[in-house]
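What follows is a set of notes on a single structure, which appears directly below.
There are 2 protein chains.
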Amino acid sequence: MTTRTAPPAPRPVGRPRDPALDVAILDAALQLLCEGGLDACALDEVARRAGVGKATIYRRWRSKDDLVRDAFGSTSPDLVPEDGGSLTVDARALLHALAGALASPRARAWRRTVPALGPEAPLQPALPDGPVGDWPAAARAVVARAEGRGDVPAGGFPALALEAAGAVLVARWLTGEDPAAVADALVAELLAAVVEPHLPR
Amino acid sequence: MTTRTAPPAPRPVGRPRDPALDVAILDAALQLLCEGGLDACALDEVARRAGVGKATIYRRWRSKDDLVRDAFGSTSPDLVPEDGGSLTVDARALLHALAGALASPRARAWRRTVPALGPEAPLQPALPDGPVGDWPAAARAVVARAEGRGDVPAGGFPALALEAAGAVLVARWLTGEDPAAVADALVAELLAAVVEPHLPR
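First to last, the protein sequences are chains A and B. Counting in full-length UniProt numbering, the first sequence runs from 1 upward without gaps. Counting in full-length UniProt numbering, the second sequence runs from 1 upward without gaps.
Next comes the structure, spelled out in structure tokens:
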């Protein structure tokens, strides 16, 4: 067995990369996905909006798929609110967090891009599930916290009921409703119809 | 004011249109939408699968948008089941009808096509809302029938609870789950978590 010294790291050529350009390019890509899905996110147009040349994009991302993946980001903002002391308070805050997340440019870009891809697309597994995919786990986390606090007995509140409340926001958003615009009234109705029947009186 | 005789109707040229070809073309278009959304539904490929020439398509539809609109059909199959005599029976049948509708080629084609379009697309208002859009009204119809039968007092059962049960199927379907594959167990859980708490004991 021979020992080799590691080759020297390649020296960077030219000026160091400007992180502000990365942000401008990713923002432009997300904006275009939001406006028109994958078709609208052409690299020429990303370059134009970001005020850079296409070569600047290709120095950072090998392909459009790579850029799109990074534009979505690898993780979603956490939906689970800070501990509000009761399941009703937490469930209300969680539903508002979902309504806000669905109204975000990232979620609107997701709606125009991911359902159209289908499971066979190479890009599909690289994209995050967005608030729609994160929602069931967030509902379970809030119910588990309430069980821990003792607001509800263990197993006494079905997390599926809270999942169902949020699923109404998701389904209406899918057909074009803006959940943030109607959230106050709808969240109150959902809490009464789906969550409160299970709370100890 | 002069009276004119109507011009004679144009005489059909060549052989009469074969309705079986219409069906083959519409089926091929829906199949392609289902497999790859609007991009996959290229007229060359529709013609190839239907075993016709492109001119045969253009004699029937002015544009790809017109063909896509007709491939979706103008109305969805009605989700509301026959009267089963009780709200529990009807709600179960309704949830199974939704799971079945979401698993259909038409709904899968819808998922790959409509959310990606955005409100500005000329095609968008021409496409049906599919089972996702039809669901809230179907839930209200089943609850109204139960009120009429007297299973529940008027206003005593929130239709939003039944809407929420189905919205779980919609949200999971949106992230790729096949609702028909899990429907038996999930529908039973949804009835227990969301519907039964409101039924008179």
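Quick reminder that beta carbons are idealized off the backbone N, C-alpha and C, glycines included. This structure is a prediction, so every number in the text was calculated from the model and none was measured.
- Using a Cβ-Cβ cut-off of 8 Å, Thr175(B) counts as an interface residue toward chain A, since at least one Cβ of chain A sits closer than that to its own.
- When only Cα atoms are considered, Pro200(A) and Gly133(A) end up about 29 Å apart.
- Proximity of the region 87 to 99 of chain A to the region 183 to 201 of chain A meets the contact definition, three or more beta-carbon pairs being nearer than 8 Å.
- For Gly36(A), same chain residues with a beta-carbon under 8 Å away, outside a window of 5 residues either side, are Arg112 in chain order.
- Remark: C-beta atoms of Ala165(A) and Val143(A) do not approach each other more closely than 8 Å.
- Ranking Ala126(A), Arg145(A) and Phe72(A) by CA distance to the CA of Pro158(A) puts Arg145(A) first.
- Straight through space, the alpha carbons of Asp39(A) and Lys54(B) are spaced by roughly 25 Å.
- Within the region 118 to 135 of chain A, the residues whose Cβ lies closer than 8 Å to any Cβ of chain B are, in chain order, Gly118, Pro119, Asp129, Val132, Gly133 and Trp135.
- A contact between stretches requires three or more CB pairs, one per stretch, nearer than 8 Å, and the region 105 to 121 of chain A meets this requirement with the region 25 to 34 of chain A.
- Counting along the chain, Gln31(A) sits inside the alpha helix (DSSP H) bounded by residues Pro19 to Ala40.
- Ala109(A) is positioned such that its CB atom lies no closer than 8 Å to that of Ala180(A).
- Comparing alpha-carbon positions, the option among Ile57(B), Asp27(B) and Ala47(B) lying closest to Arg17(B) turns out to be Ile57(B).
- The beta carbon of Arg112(B) falls within 8 Å of a beta carbon belonging to chain A, placing the residue at that interface.
- Under the DSSP assignment, Leu117(A) falls in the alpha helix (DSSP H) whose first and last residues are Pro105 to Leu117.
- Using a CB distance below 7 Å, the part of the UniProt domain "HTH tetR-type" (19 to 79) of chain A facing chain B consists of Gly36 and Gly37, ordered along the chain.
- In summary, the residues of the region 180 to 199 of chain B whose CB is separated from some CB of chain A by less than 8 Å are Glu189, Leu190, Ala192, Ala193, Val194, Pro197 and His198, in the order they occur in the chain.
- At least one CB atom of chain B sits nearer than 8 Å to the CB of Ala171(A).
- The Cβ of Glu147(A) sits no closer than 8 Å to any Cβ of chain B.
- No Cβ-Cβ contact shorter than 8 Å links Pro122(A) with Gly73(A).
- Within the same chain, and ignoring the five residues on either side of Ala71(A) in sequence, the residues whose Cβ sits closer than 7 Å to its Cβ are Leu26, Ala29, Leu30 and Leu33.
- By the beta-carbon neighbour count (other beta carbons within 10 angstroms, threshold 16), Val23(A) is exposed.
- DSSP places Trp61(A) outside both helix and strand once states are collapsed to three, so it counts as coil.
- The beta carbon of Pro81(B) sits closer than 7 Å to the beta carbons of Asp90, Ala93, Leu94 and Ala97 from its chain, once the five residues preceding and following it are set aside; these are given in chain order.
- Taking all protein chains in view, the Cβ of Arg59(A) is surrounded by fewer than 16 other Cβ atoms within 10 Å, so the residue is classified as exposed.
- In the structure shown, the three-state DSSP call for Phe157(B) is coil.
- For Leu87(A), none of the residues of chain B pass the 7 Å Cβ criterion, the least Cβ distance being about 15 Å.
- Per DSSP, the continuous alpha helix (DSSP H) segment holding Asp184(B) begins and ends at Pro179 to Leu190.
- Contact of Leu94(A) with chain B is not assigned, every C-beta pair being separated by 8 Å or more.
- The beta carbon of Ala154(B) sits closer than 8 Å to those of Glu147, all from its chain and outside the five residues before and after it, given in chain order.
- The beta carbon of Val143(B) sits no closer than 8 Å to any beta carbon of chain A.
- When C-alpha distances from Ala139(B) are compared across Val152(B), Asp151(B), Ala101(B) and Leu79(B), the shortest belongs to Leu79(B).
- Boundaries of the alpha helix (DSSP H) harbouring His96(A): Leu87 to Leu102, taken from the DSSP string.
- Taking the Cα of Ala126(B) as reference, the smallest distance to any Cα among Ala171(B), Val68(B) and Leu87(B) is reached at Val68(B).
- In this structure, DSSP gives Glu120(B) a state outside helix and strand, which the three-state scheme calls coil.
- Apart from sequence neighbours up to five positions away, the residues of its chain that approach Ser86(B) with a beta-carbon distance below 6 Å are Asp151, ordered along the chain.
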